[in-house]
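Student:
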Amino acid sequence: MRNEQIFSVHGDAELLARAGHLLESARTEFLCAARTLTTWPRPATWTTPGPDFTTRKLLTPAALTDEATREHLRLVLGAGAQVRVTDSELPHETIIIDRRVMILAGRDAPAGREYSVTTSKNMVDGVHSLFDAMWHRSTDYTTYLATDTPHLSPESRRILEALSTGQTDASAARRLGLSLRTYRRRVADLMTTLQAASRFQAGLRAGELGLPGR
Numbered sequence: 082m083r084n085e086q087i088f089s090v091h092g093d094a095e096l097l098a099r100a101g102h103l104l105e106s107a108r109t110e111f112l113c114a115a116r117t118l119t120t121w122p123r124p125a126t127w128t129t130p131g132p133d134f135t136t137r138k139l140l141t142p143a144a145l146t147d148e149a150t151r152e153h154l155r156l157v158l159g160a161g162a163q164v165r166v167t168d169s170e171l172p173h174e175t176i177i178i179d180r181r182v183m184i185l186a187g188r189d190a191p192a193g194r195e196y197s198v199t200t201s202k203n204m205v206d207g208v209h210s211l212f213d214a215m216w217h218r219s220t221d222y223t224t225y226l227a228t229d230t231p232h233l234s235p236e237s238r239r240i241l242e243a244l245s246t247g248q249t250d251a252s253a254a255r256r257l258g259l260s261l262r263t264y265r266r267r268v269a270d271l272m273t274t275l276q277a278a279s280r281f282q283a284g285l286r287a288g289e290l291g292l293p294g295r
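Here the working numbering is used: the first residue of the sequence shown is 82, the next is one more, and so on.
(1) State the CB to CB distance for the pair G159 and T136, rounded to an integer number of angstroms; the pair is presumed to be in contact (CB under 8 angstroms).
(2) Does the stretch 217–226 come within contact of the stretch 172–179, defined as at least 3 CB pairs closer than 8 angstroms?
(3) Alpha carbon to alpha carbon, how far is R265 from T199?
(4) Identify the continuous alpha helix (DSSP H) that holds R137 and give its terminal residues.
(5) Any contact between the stretch 137–146 and the stretch 192–206? By contact I mean 3 or more CB pairs, one from each, below 8 angstroms.
(6) Look at L97 and A114 and say whether their C-beta atoms are less than 7 angstroms apart.
(7) So within the stretch 132–214, which uninterrupted beta strand (DSSP E) runs reach at least 3 residues, ignoring any that extend past its ends?
(8) Quick one: residues in its chain with C-beta nearer than 8 angstroms to the C-beta of R99, no 5 flanking neighbours on either side, listed in chain order?
(9) Would V166 and Y225 qualify as a contact pair, given that the criterion is a beta-carbon distance under 7 angstroms?
(10) Find the nearest neighbour of G258 within the set T273, E236 and T120, judged by alpha-carbon distance.
(11) What residue from V268, M272, T109 and L118 has the CA that sits closest to F134's CA?
(12) Using a Cβ-Cβ cut-off of 6 angstroms (strictly less than) and excluding sequence neighbours within five positions of A243, which residues of its own chain qualify?
(13) Given this structure, state the Cα-to-Cα distance separating P132 from T119, to the nearest angstrom.
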């Protein structure tokens, strides 16, 4: 194509300055493959929900380790996006827009990531095909969470139920036959198991995993 182009930028600010209009021009399809959601600046804004619009996000398990990421995924899933998790190594973190624009992210560096932006049809089609292949070999986000459910002892499940019903620590400890100090230590251990930074996040995480008490 006569107007095909490819260029590189360094850092998020230059990416948005030179390619922001391309990122915001999606009309039919937005594909994103990422190891973490911190790869791309302003990731939450790069979806355009609608009946004729497709958003697909392909992530590695490393992208699911913090509550902020899971909250973002709840939002995009609620907006109609599709999210899958792959155990395969992503050779490049990639965004493809309407099968006409592609952005490849380089490795993180002190001066900022280098991003390659192209509208080359051959390059876009090739990476789009690779994305599709990995997508079909990946696991639906909800299914992945269900199969990644941590093992909880009966006592931990009772503690989780106590947290979800709003019992005070003293009341819950008495019901479980634990000292207050032991109960609080078990709550802290449970939060670590659920990768939660707060009791509220533990409840959200439990709900995602389909655990009792939610």
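Backbone N, C-alpha and C define an ideal beta-carbon position, used for all residues, glycine too.
Tutor: Quick answer:
(1) Rounded, the Cβ-Cβ distance is 12 angstroms, inconsistent with contact.
(2) Counting C-beta pairs with one atom in each stretch, the stretch 217–226 and the stretch 172–179 have fewer than three that are closer than 8 angstroms, which means they do not touch.
(3) Rounded to whole angstroms, R265 to T199 spans 54 angstroms at the Cα level.
(4) Per DSSP, R137 belongs to no alpha helix (DSSP H); it is in the beta strand (DSSP E), T135 to L140.
(5) No, because fewer than three Cβ pairs between the stretch 137–146 and the stretch 192–206 fall closer than 8 angstroms, the two stretches do not touch.
(6) No, Cβ-Cβ distance for L97 and A114 is not below 7 angstroms.
(7) Runs of the beta strand (DSSP E) inside the stretch 132–214: 135–140, 163–166, 174–178, 182–186 and 195–199.
(8) Excluding positions up to five away in sequence, the list reads F88, V90 and V198.
(9) Taking the C-beta atoms as reference points, Y225 is found nearer than 7 angstroms to V166.
(10) Selected option, being the one with the closest Cα: E236.
(11) The candidate whose alpha carbon is nearest that of F134 is T109.
(12) A253.
(13) Rounded to the nearest angstrom, the two C-alpha atoms are 28 angstroms apart.
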